Amino acid sequence: MRSRATLSIAWVKPELSDEEWEFFHHPAKQEFYGRWGLQWEGLAADFERGRLEPYPRSHRICAMPVALSYHTYEEYSHYLARAKRGYRRNYSRMEEALQREGELTLPAPIILCRDGEALLFAGYRRLCLAWNYGMIPYVWLVTLES
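Structure follows, in structure tokens:
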């Protein structure tokens, strides 16, 4: 016999303004922005044309490699499970809420893409939550044109 529980996450369009730090201060992402000459104003314009796209646990979306997606359990263990307490706390709160309520509505993680490559811009903890519970999350996929 197998016991089953049903948990779910509804994904909604995220607010770009909530992720401003990722653009201006995240050191690992600056090279991607620089390579494409990406400015905040251009990202904001392109962001509105994004779309929700399923993102099964992988290092690829729509056949594009996704930098900084850290999709394996070993990477999760390194980057989130063993992260400093403040970084883990947000994940723990989401996980507790999901278990308690059975369902959550969350802003979709954000992936930026251009010319066959992509970058996980924001939402790693939200991705991990879905992946760790066997769900296929949706991301806000933004094709950079500006």
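In this text, residue positions in the sequence shown follow the numbering used here: the first is 12, and each later residue adds one. Don't be surprised by glycine CBs; every beta carbon is placed ideally from N, CA and C. As the structure is a prediction and not an experimental result, all values here were calculated from the model.
- Query: What residues match up with Cys124 in a beta bridge as DSSP calls it?
  - Reply: Ala129, Thr154
- Message: To the nearest angstrom, how far is the alpha carbon of Ile20 from that of Glu106?
- Response: 11 angstroms
- Query: Under a Cβ-count criterion, where at least 16 other Cβ atoms within 10 Å of its own Cβ denotes burial, should Gly134 be classed as buried or exposed?
  - Reply: buried
- Which residues share a DSSP beta bridge with Tyr66? DSSP, once it has assigned bridges, lists no residue as partnering Tyr66.
- Determine, using beta-carbon pairs with one atom in the segment 47-54 and one in the segment 137-144, whether at least three such pairs fall under 8 angstroms. no
- Helix, strand or coil for Glu114, going by three-state DSSP, please let me know. strand
- Tell me whether the beta-carbon of Val153 lies closer than 7 angstroms to the beta-carbon of Phe58. yes
- Task: In angstroms with no decimal places, state the Cα-to-Cα distance between Leu9 and Arg111.
- Result: Residue 9 falls outside the range modelled here, since the chain spans only 12 to 157, and no answer is possible.
- So, are the CB atoms of Leu138 and Pro120 less than 7 angstroms apart? yes
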